[in-house]
Amino acid sequence: MFRPSLCRAAIQKSHLLGTCLLVLAALLGGCVAQRVAAPPPPPQASTAVAPPQAIAPSVTPSEAPPPVVLGEKIKIALLLPLSGPTGGLGRAMLDAAQMALFEVADDNFILVPLDTQGTAEGATRAAESAVSQGAELILGPLLAGEVAAVKPIARNANLSMVAFSTDEQLAGDGTYLLGFPPRQSVDRIAAFAHEKGVTRLAALAPSTPYGQLVVDELRSAAAAQGSRLDHVEFYDPSATDLRPVVRRLAGQAATGEPDFDAVLLPEGGAKLKAVVSLLPYFDIDPAKVHILGTGLWDEPGLGSEPALVGAWFAAPAPAGRADFEKRFQAAYKQAPPRLASLGYDATALAAILAQRPRGTGFTAAALTDPSGFVGVDGIFRFRSDGRADRGLAVLQIERAGRTVISPAPETFERPAS
């Protein structure tokens, strides 16, 4: 079932009209955030983006499609698992999407949520319904199997799809991936570590497709930077005793101390804490060997593990997300899950592109604007192959949280050399 819709009065009383997603100015090499409630700034010669307008959500718990309205409307389908094992996440992403409707969209923008049920079959039915209802763009689905099922339907209908999967093999041919691919965080943290003089790398990863992908990307990044990745160990993700694999990693060195400067741990949650707590016992001293992480570390509470204090990882800058979380909490009386921001950014992106002249907003040229866009999770842009580039920060784990030690870029423009 859909969650109850937000009402316009509740949004206004809660001061939820916050920072919206804006198209980055191509000629300025950056962006200026605007607030819906504030007067618009003087027009700039380099951009024609209209000030965002608030709009009430078009969906209530009892109606899947929006009510019939008069006038020329722009329908955008949002495919999410609103039931099934991932229904909680899907409903939270829908809540975030409704926030974007109020904060960004024009009055002619209609969002059509459709339940994929978390399956390829359900996603197929949802995509077919989206096409039959006249959707001009598909947002979602979430899971890789769902995206694979929807992709040919969207292609046959000449519709672009902005999906939330991180499986970059699904990108391209009209499918754009807005998720957080591990490639981005690995490249960012490897580059930062190299800047700090870290040239000898190691990896301790689960023997999963994610773990293998991260190690492969780290190997490519190390080669491009002139670093070395000589020590790699994989472990069974279901193993409860990780001492043997940590011992093997530590024992690969010819001397009594590890001959690597940093070790990457593409793990999260309790398993990450279990792995990293073993490192000092096998002479991998976090005071001498940098501990590196991926986007899986983008969660609270990691500083409770002493061996993680001082560790580095790459993720979206937390400032924009903190503001989003406050607004979400005020509206729904609960904290959003990490991926809820994707529902907001995708809907806000669609709303901004819908303000362009009819027939031009959802083309490949519009979606792959090289200047990109800025949303809750910072700047992003789509490549012509459907993969996304993101501007990530580097964060350091502290006992009471985390600190940005290398800020996220504000533009994709390369600094002058």
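Here our numbering is used: the first residue of the sequence shown is 2, the next is one more, and so on. For each residue, glycine too, the CB sits at the ideal point set by N, CA and C. Since the model is a prediction, treat every value here as computed from it, not as a measurement.
Membership of glycine 379 in the beta strand (DSSP E) is indicated by the continuous run 379-383.
Annotation: the continuous alpha helix (DSSP H) that includes proline 183 extends over 183-196. Going by DSSP, tyrosine 211 is part of the alpha helix (DSSP H) stretching over 210-226. Between glutamine 118 and serine 84 a beta carbon distance of about 5 Å is seen, short of the 8 Å cut, so the two are scored as contacting. Inter-residue distance for phenylalanine 325 and valine 377 is about 7 Å (C-alpha atoms, whole angstroms).
Between leucine 205 and leucine 265, the CB-CB gap stays under 9 Å. Around the beta carbon of arginine 244, fewer than 16 other beta carbons sit within 10 angstroms, so the residue counts as exposed. Straight through space, the alpha carbons of phenylalanine 314 and isoleucine 190 are spaced by roughly 6 Å. About 17 Å separates the beta carbon of glycine 379 from that of tyrosine 177, a gap too long to meet the 8 Å contact definition.
Glutamate 399 carries a strand assignment under DSSP once its states are collapsed to helix, strand and coil. Counted as a single uninterrupted DSSP element, the alpha helix (DSSP H) harbouring glutamate 326 occupies residues 319-333. Here the alpha carbon of valine 246 sits roughly 7 Å from the alpha carbon of phenylalanine 235. For the set Leu143, Lys76, Ala106, Gln134, the Cα lying nearest the Cα of glycine 89 is the one of Leu143.
In this chain, the beta strand (DSSP E) harbouring isoleucine 77 covers 75-81.
For phenylalanine 110, the beta-bridge partners assigned by DSSP are Ile75. Assignment of threonine 125 by DSSP, reduced to helix, strand and coil, places it in the helix class. Here leucine 273 is not near proline 259, since their CB atoms are 9 Å or more apart. In the structure shown, the three-state DSSP call for proline 207 is strand. If you ignore the 5 residues before and after leucine 297, its C-beta comes within less than 6 Å of the C-beta of Gly269, all in its own chain and listed in chain order. For valine 151, the enclosing alpha helix (DSSP H) starts and ends at 145-157.
Annotated three-state conformation of valine 290 is coil, per DSSP. With a cut-off of 8 Å on Cβ pairs, the segment 316-325 is not in contact with the segment 282-290, counting fewer than three such pairs. In summary, glutamate 218 is buried, with 16 or more beta-carbon neighbours lying within 10 Å of its beta-carbon over all protein chains present. Per DSSP, the continuous beta strand (DSSP E) segment holding phenylalanine 374 begins and ends at 374-376.
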